[in-house]
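If you're matching positions, the sequence shown starts at 1 in this note's numbering and goes up one per residue.
We put the beta carbon where it would ideally sit given N, CA and C, even for glycine.
None of these values were measured; they are calculated from a predicted model.
Read through the structure below, which is laid out as C-alpha cells, and then see the notes.
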Amino acid sequence: MNSKLKLALWDIGCVFWVAVAGSLLHFAFELTDYWTPMALIAAVNESAWEHTKMYFWPGLVWAVVQYTYTRNDANNYWFGKAMALVTTPTLIMLTYFGYMDWSFAAGVKPSLPLMLSIMIFGIAAGQFVSWCILTREPLAINTRRWATVAYTVTLVAFSTLTFVPPKYFVFENFACYTYTGEYGILADYEPYRIFAKVDENGNMKEGMGMNYCANNPFDKPEVKIALN
1 MNSKLKLALW DIGCVFWVAV AGSLLHFAFE LTDYWTPMAL IAAVNESAWE
51 HTKMYFWPGL VWAVVQYTYT RNDANNYWFG KAMALVTTPT LIMLTYFGYM
101 DWSFAAGVKP SLPLMLSIMI FGIAAGQFVS WCILTREPLA INTRRWATVA
151 YTVTLVAFST LTFVPPKYFV FENFACYTYT GEYGILADYE PYRIFAKVDE
201 NGNMKEGMGM NYCANNPFDK PEVKIALN
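Rendered as C-alpha cells:
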C-alpha cells in the first residue's frame, strides 16, 4: 500500500477512535464513582480544559500504537504526532469560545450538534496536521528536541492541572452555560449526576440525565421569548 494512503487511513481511524474514546471519558469519572485516579484522564467537570483533556489521552495512546505499524512509512513521526496533540485542543478551544461568544451575544441557544461538530473538527484538523508532517521529507529543524518539549509540556499540563487548576475561566466549571466558580475536582457532584446509582441505604436513586440543565439561562421564559 502507498505510504501516504496508509498514513491517511491511520489518521482517519484516529479521528474516530479519539471521538469515541474521548466521549466515553466524559462519563468515566462518574461511572467509577468519582475515583480520584480516574481524574487523570477523564473529565471531572464541564470546563473547557477538561473537555480537551479527554481527547488528549486517546490521541496519545493512538500515536504510540500507530508507531508500531507505520514507523517505516513516516518521516518526522513523533514531531507530527506532537503537533496533532497540540493542534486539537487549541482549535477546539478557539472555535468553541468563539461560537459561545457569538451565541450569547446573539441570544441564540447553543446547538449541541454544532458543539460536537467543533470537537470533530478539532480532532480531524489535528490529524490532518499529523498527516502533512508525516508525509513530508525529513524536516531541517531538530524535530526530536521540539517533540520532546511538546510532549513534556502537554503531559505535565494534562496530568496536573485537574488537581491544581488555575483560577482561570478555561478551567472553571461551565455547567449549563453558566460559570459556577468551581475548579478541578468538585466538592459535590450530586447536582450534575447523570446516571442512576444505589445510595448508602441500598435504594436506587435516579440520575437526572441532562435534566440538570433545566434551569440553564437559555431555558428561562424571557430568553425563549427573545429567541422567538
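Assuming residue i contacts residue j (C-beta within less than 8 Å), just tell me the rounded distance between them.
i      : j      : result
Ala28  : Met38  : 6 Å
Trp62  : Cys14  : 5 Å
Leu7   : Thr70  : 6 Å
Trp78  : Ala147 : 4 Å
Thr154 : Val86  : 7 Å
Ile123 : Val18  : 5 Å
Ala175 : Ala82  : About 32 Å separates the two Cβ atoms, so there is no contact after all.
Pro110 : Met100 : 6 Å
Tyr179 : Phe169 : 7 Å
Phe121 : Thr90  : Their Cβ separation, rounded to whole angstroms, is 12 Å, which puts Phe121 and Thr90 out of contact at 8 Å.
Would residue i be called buried (16 or more neighbouring beta carbons within 10 Å of its own) or exposed?
i      : result
Thr88  : buried
Phe163 : exposed
Trp102 : exposed
Ser117 : exposed
Trp10  : buried
Ala187 : exposed
Trp35  : exposed
Val20  : exposed
Gly181 : exposed
Asn173 : buried
Glu46  : buried
Tyr183 : buried
Lys4   : exposed
Thr143 : buried
Leu114 : exposed
Pro165 : buried
Asn76  : buried
According to DSSP, is residue i part of a helix, a strand, or is it coil?
i      : result
Thr162 : coil
Ala140 : coil
Tyr77  : helix
Thr178 : strand
Tyr183 : strand
Thr154 : helix
Between which two residues does the alpha helix (DSSP H) harbouring residue i extend?
i      : result
Leu134 : Leu112 to Leu134
Leu24  : Ser3 to Leu31
Ala48  : Ala48 to Thr70
Which same chain residues, not among the five before or five after residue i, have their C-beta less than 7 Å away from its C-beta?
i      : result
Ala84  : Gly59, Gly126, Gln127, Val129 and Ser130
Ala43  : Leu25, His26, Phe29, Glu50, His51, Lys53 and Met54
Asn228 : For Asn228, the predicted model reports a pLDDT of 37, less than 50, meaning its position is unreliable and no value from the coordinates is stated.
Excluding the five sequence neighbours on either side, which residues of its own chain have a C-beta within less than 8 Å of the C-beta of residue i, listed in chain order?
i     : result
Ala74 : Ser3, Leu7, Gly80, Leu134 and Thr135
Leu31 : Phe195
Sorted by chain position, which residues of the same chain lie with C-beta nearer than 6 Å to residue i's C-beta, five sequence neighbours on each side aside?
i      : result
Ala106 : none
Phe171 : Ser47, Trp49, Pro165 and Tyr183
State yes or no: is the beta carbon of residue i nearer than 9 Å to at least one beta carbon in chain C?
i     : result
Trp35 : Considering every chain present, this structure includes no chain C. It has just one protein chain.
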